[in-house]
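This report concerns only the one structure given below.
Number of protein chains: 2
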Amino acid sequence: VSELELLRWIRARLPRRDGRVVVDSGDDAAVLRLGRGPVVFKIDSVLEGVHFDRRTARPEDIGHKAMARPLSDVAAMGATPTFALAAMMIPREARASEVRRVILGMERTARRFGVAIVGGDLASHAGGLALSVALLGEMRGGSPLRRSGARAGDVLAVTGALGGSRLGKHLRFVPRVREAREIRRRFRVRAMIDLSDGLLRDLGHLCEAGGVGAVLEEARIPISAAARTMARRDGRSPLDHALADGEDYELLFALPAEEGPALERARLGRVIGRVERRPGLRLVRRDGGEEILEPRGWEHRFGP
Amino acid sequence: VSELELLRWIRARLPRRDGRVVVDSGDDAAVLRLGRGPVVFKIDSVLEGVHFDRRTARPEDIGHKAMARPLSDVAAMGATPTFALAAMMIPREARASEVRRVILGMERTARRFGVAIVGGDLASHAGGLALSVALLGEMRGGSPLRRSGARAGDVLAVTGALGGSRLGKHLRFVPRVREAREIRRRFRVRAMIDLSDGLLRDLGHLCEAGGVGAVLEEARIPISAAARTMARRDGRSPLDHALADGEDYELLFALPAEEGPALERARLGRVIGRVERRPGLRLVRRDGGEEILEPRGWEHRFGP
Numbered sequence: 003v004s005e006l007e008l009l010r011w012i013r014a015r016l017p018r019r020d021g022r023v024v025v026d027s028g029d030d031a032a033v034l035r036l037g038r039g040p041v042v043f044k045i046d047s048v049l050e051g052v053h054f055d056r057r058t059a060r061p062e063d064i065g066h067k068a069m070a071r072p073l074s075d076v077a078a079m080g081a082t083p084t085f086a087l088a089a090m091m092i093p094r095e096a097r098a099s100e101v102r103r104v105i106l107g108m109e110r111t112a113r114r115f116g117v118a119i120v121g122g123d124l125a126s127h128a129g130g131l132a133l134s135v136a137l138l139g140e141m142r143g144g145s146p147l148r149r150s151g152a153r154a155g156d157v158l159a160v161t162g163a164l165g166g167s168r169l170g171k172h173l174r175f176v177p178r179v180r181e182a183r184e185i186r187r188r189f190r191v192r193a194m195i196d197l198s199d200g201l202l203r204d205l206g207h208l209c210e211a212g213g214v215g216a217v218l219e220e221a222r223i224p225i226s227a228a229a230r231t232m233a234r235r236d237g238r239s240p241l242d243h244a245l246a247d248g249e250d251y252e253l254l255f256a257l258p259a260e261e262g263p264a265l266e267r268a269r270l271g272r273v274i275g276r277v278e279r280r281p282g283l284r285l286v287r288r289d290g291g292e293e294i295l296e297p298r299g300w301e302h303r304f305g306p
Numbered sequence: 003v004s005e006l007e008l009l010r011w012i013r014a015r016l017p018r019r020d021g022r023v024v025v026d027s028g029d030d031a032a033v034l035r036l037g038r039g040p041v042v043f044k045i046d047s048v049l050e051g052v053h054f055d056r057r058t059a060r061p062e063d064i065g066h067k068a069m070a071r072p073l074s075d076v077a078a079m080g081a082t083p084t085f086a087l088a089a090m091m092i093p094r095e096a097r098a099s100e101v102r103r104v105i106l107g108m109e110r111t112a113r114r115f116g117v118a119i120v121g122g123d124l125a126s127h128a129g130g131l132a133l134s135v136a137l138l139g140e141m142r143g144g145s146p147l148r149r150s151g152a153r154a155g156d157v158l159a160v161t162g163a164l165g166g167s168r169l170g171k172h173l174r175f176v177p178r179v180r181e182a183r184e185i186r187r188r189f190r191v192r193a194m195i196d197l198s199d200g201l202l203r204d205l206g207h208l209c210e211a212g213g214v215g216a217v218l219e220e221a222r223i224p225i226s227a228a229a230r231t232m233a234r235r236d237g238r239s240p241l242d243h244a245l246a247d248g249e250d251y252e253l254l255f256a257l258p259a260e261e262g263p264a265l266e267r268a269r270l271g272r273v274i275g276r277v278e279r280r281p282g283l284r285l286v287r288r289d290g291g292e293e294i295l296e297p298r299g300w301e302h303r304f305g306p
């Protein structure tokens with residue numbers, strides 16, 4: 003890959019100075035004018051061999067995933083994502099066309115959610131392809147939707163079907179930016195988290211943060227077609243895939259029980275259980291029996 | 003490296019909620035309260051085999067460099083750095099002790115310059131060690147110090163000796179955060195850039211942005227001891243090293259000619275030449291002769 007040529011191509015695509023971009027990418031750092039409220043700040047990475055397989059993934063999807071992962075987190079805070087920077091680590095042998103396709107994928111997703119990529123960093127090296135995207139979001143009214151805040155008696159809901167993301171969704175998921183905004187506008191969201199580590203683990207985080215426990219109803223958990231496909235292949239149950247696979251990038255949230263029916267009528271979420279005082283996670287099976295659930299799934303992040 | 007153990011260690015070190023950290027690293031993203039002015043936003047990476055040699059560099063220095071590089075850029079905008087996120091890509095075979103030392107180095111440098119690391123992302127993979135640091139800075143009064151703005155007749159100055167950084171300074175340099183603040187407080191800085199790609203190349207950027215040219219005086223260019231050492235080894239001249247090596251992480255800036263003497267008396271910079279209307283870069287040699295300089299040096303970034 004010819005770095006210089008690539009840099010020229012990239013620079014031409016970055017936004018010029020305007021009302022909100024006080025200093026553009028032609029300088030040492032971008033300078034931005036943000037709104038008055040608190041600022042949400044997030045970084046997330048995708049690495050070859052960990053978050054994607056470069057031999058099979060479309061380059062555009064890799065770029066999409068790099069941008070969509072932090073978008074999902076910023077959405078889960080109830081914020082509006084606005085500006086991004088991208089650091090790219092590029093294998094020396096990569097073709098410029100591949101790198102351009104990665105960038106186009108990243109860009110398209112940014113644009114779709116109103117985010118301006120205002121700069122970044124590019125380095126070619128002997129290793130694999132990796133991207134880190136740093137994202138700024140703005141709280142436009144309202145408080146951040148924290149993980150804590152769920153209360154005993156609240157219902158728990160998710161925005162979509164779970165499990166089996168590795169079969170393809172993990173590369174092409176739609177970050178729930180718009181859904182988060184709509185849910186928050188219409189309902190009293192008490193706590194929210196994005197599902198990246200798997201329902202059990204992320205529900206565990208939500209319960210721990212709120213000092214509460216939860217009970218899930220097997221019959222209500224939306225299980226994806228991909229989870230069923232994987233279950234046929236590996237003998238694990240579809241439910242198990244839905245509970246533990248991770249990379250769903252759906253939202254999990256708690257709201258007052260009386261708002262559950264309206265949420266489902268609005269098709270903004272599916273109620274899957276409820277919050278209770280007693281710590282720990284339980285599952286009510288279809289047959290009415292109960293079991294204790296252990297948090298399990300992915301764990302590879304250390305904070306925002 | 004045991005990720006879970008490492009994550010626990012890292013989480014315990016991240017700041018808790020306070021006046022400015024509205025939501026801390028225990029959530030999907032950090033939420034911050036910033037001041038009123040524009041916000042400076044920068045990302046920069048260090049990669050094994052490109053920006054450091056993991057076999058010889060101290061892990062603390064690697065962490066330092068990862069934080070100090072974006073600090074240098076934010077300083078060059080005249081901003082006060084305040085919050086950072088760090089994405090770490092860790093070789094699977096790395097020991098937890100090595101990773102902890104990298105983090106400690108990063109942390110120490112952040113603290114020294116008043117920056118709170120409010121979260122990040124950690125992934126282990128089959129490749130080398132790499133870190134991306136995203137940094138927020140705040141303009142506390144005054145406008146951003148842009149690359150453009152130098153005028154014919156201004157003098158050009160640098161904050162320290164140049165060249166030979168690869169012998170060690172590139173891992174241990176002090177980002178000129180305090181100097182930038184002091185220079186800006188006391189002088190009418192017209193343009194500023196940090197020297198990462200080499201004096202010639204970065205001066206080229208500054209001239210291009212301002213639509214001007216520059217003449218340097220050989221006798222005034224501060225040449226580092228390391229540049230002389232390298233020159234003895236490779237037969238290139240010490241001056242050539244000072245002009246083109248890169249990774250100096252000093253500040254290059256333009257100010258009105260009449261302020262040059264006071265700047266030097268205050269020991270905040272050394273005047274090395276002046277800005278002129280005619281485009282291009284020239285050098286006045288010690289013997290009074292002149293030569294045309296071609297911008298050369300590093301080029302591996304695509305914007306802020």
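Sequence order for the protein chains is F and W. Going by the working numbering, the first sequence wraps up at 306, each residue one higher than the last. Going by the working numbering, the second sequence wraps up at 306, each residue one higher than the last. Every residue, glycine too, gets a C-beta built ideally from N, C-alpha and C.
Between the CA atoms of residue j and residue i - distance to the nearest angstrom
{"i": "residue 32 of chain F", "j": "residue 44 of chain W", "result": "7 Å"}
{"i": "residue 104 of chain W", "j": "residue 15 of chain W", "result": "14 Å"}
{"i": "residue 57 of chain W", "j": "residue 109 of chain W", "result": "22 Å"}
{"i": "residue 66 of chain F", "j": "residue 98 of chain F", "result": "18 Å"}
{"i": "residue 228 of chain F", "j": "residue 82 of chain W", "result": "48 Å"}
{"i": "residue 188 of chain F", "j": "residue 285 of chain F", "result": "29 Å"}
{"i": "residue 190 of chain F", "j": "residue 160 of chain F", "result": "15 Å"}
{"i": "residue 213 of chain F", "j": "residue 295 of chain F", "result": "17 Å"}
{"i": "residue 248 of chain F", "j": "residue 168 of chain F", "result": "9 Å"}
{"i": "residue 215 of chain W", "j": "residue 181 of chain W", "result": "25 Å"}
{"i": "residue 100 of chain W", "j": "residue 222 of chain F", "result": "46 Å"}
{"i": "residue 7 of chain W", "j": "residue 69 of chain F", "result": "28 Å"}
{"i": "residue 198 of chain W", "j": "residue 53 of chain W", "result": "12 Å"}
{"i": "residue 51 of chain F", "j": "residue 291 of chain W", "result": "57 Å"}
Whole-number beta carbon distance between residue j and residue i, since they are thought to touch under 8 Å
{"i": "residue 96 of chain F", "j": "residue 122 of chain F", "result": "The Cβ separation is near 16 Å, so there is no contact."}
{"i": "residue 158 of chain F", "j": "residue 41 of chain F", "result": "About 29 Å separates the two Cβ atoms, so there is no contact after all."}
{"i": "residue 201 of chain F", "j": "residue 164 of chain F", "result": "6 Å"}
{"i": "residue 208 of chain F", "j": "residue 225 of chain F", "result": "The pair is not a contact, with the Cβ atoms about 20 Å apart (cut-off 8 Å)."}
{"i": "residue 34 of chain F", "j": "residue 19 of chain F", "result": "11 Å between Cβ atoms; not a contact."}
{"i": "residue 278 of chain F", "j": "residue 178 of chain F", "result": "Wrong, their Cβ atoms sit about 26 Å apart, outside the cutoff."}
{"i": "residue 130 of chain F", "j": "residue 93 of chain F", "result": "6 Å"}
{"i": "residue 149 of chain W", "j": "residue 211 of chain W", "result": "4 Å"}
Residue-chain proximity (residue i, chain W), Cβ-Cβ < 9 Å
{"i": "residue 202 of chain F", "result": "no"}
{"i": "residue 45 of chain F", "result": "yes"}
{"i": "residue 2 of chain F", "result": "Residue 2 of chain F lies beyond the stretch modelled for chain F, which goes from 3 to 306, so this question has no answer here."}
{"i": "residue 304 of chain F", "result": "Note on residue 304 of chain F: pLDDT 39, under 50, position unreliable in the model; the coordinate value appears next. For residue 304 of chain F, the answer is yes, since a Cβ of chain W falls inside 9 Å of its Cβ."}
{"i": "residue 146 of chain F", "result": "yes"}
{"i": "residue 195 of chain F", "result": "yes"}
{"i": "residue 186 of chain F", "result": "no"}
{"i": "residue 294 of chain F", "result": "no"}
{"i": "residue 156 of chain F", "result": "no"}
{"i": "residue 66 of chain F", "result": "no"}
Span of the alpha helix (DSSP H), counted from its first residue to its last, around residue i
{"i": "residue 61 of chain W", "result": "61–78"}
{"i": "residue 45 of chain F", "result": "Here residue 45 of chain F belongs to no alpha helix (DSSP H); instead the beta strand (DSSP E) covers 41–49."}
{"i": "residue 105 of chain F", "result": "98–114"}
{"i": "residue 219 of chain W", "result": "Premise fails: residue 219 of chain W lies in the beta strand (DSSP E), 215–219, not in any alpha helix (DSSP H)."}
Residue range of the beta strand (DSSP E) that includes residue i
{"i": "residue 139 of chain F", "result": "132–140"}
{"i": "residue 158 of chain F", "result": "157–160"}
{"i": "residue 188 of chain W", "result": "Taken as a continuous stretch (DSSP letters only), residue 188 of chain W belongs to no beta strand (DSSP E), being part of the alpha helix (DSSP H) at 179–188."}
{"i": "residue 270 of chain F", "result": "Premise fails: residue 270 of chain F is in no beta strand (DSSP E) and is neither H nor E."}
{"i": "residue 208 of chain W", "result": "Note, residue 208 of chain W: premise wrong, no beta strand (DSSP E); alpha helix (DSSP H) at 201–212."}
{"i": "residue 32 of chain W", "result": "32–34"}
Beta bridge counterpart(s) of residue i as assigned by DSSP
{"i": "residue 91 of chain W", "result": "W:125, W:132"}
{"i": "residue 294 of chain F", "result": "F:284"}
{"i": "residue 324 of chain F", "result": "Here chain F comprises residues numbered 3 to 306, so residue 324 of chain F is not present and cannot be evaluated."}
{"i": "residue 258 of chain F", "result": "For residue 258 of chain F, which the question treats as bridged, DSSP gives no partner whatsoever."}
{"i": "residue 52 of chain F", "result": "DSSP, once it has assigned bridges, lists no residue as partnering residue 52 of chain F."}
{"i": "residue 225 of chain W", "result": "W:164"}
Cβ of residue i within 9 Å of any chain F Cβ
{"i": "residue 18 of chain W", "result": "no"}
{"i": "residue 99 of chain W", "result": "no"}
{"i": "residue 24 of chain W", "result": "yes"}
{"i": "residue 139 of chain W", "result": "yes"}
{"i": "residue 120 of chain W", "result": "yes"}
{"i": "residue 149 of chain W", "result": "yes"}
{"i": "residue 88 of chain W", "result": "yes"}
By the 7 Å beta-carbon criterion, what residues does the stretch 27–40 of chain W contribute toward chain C?
Absent from the structure: chain C. Protein chains present are F and W.
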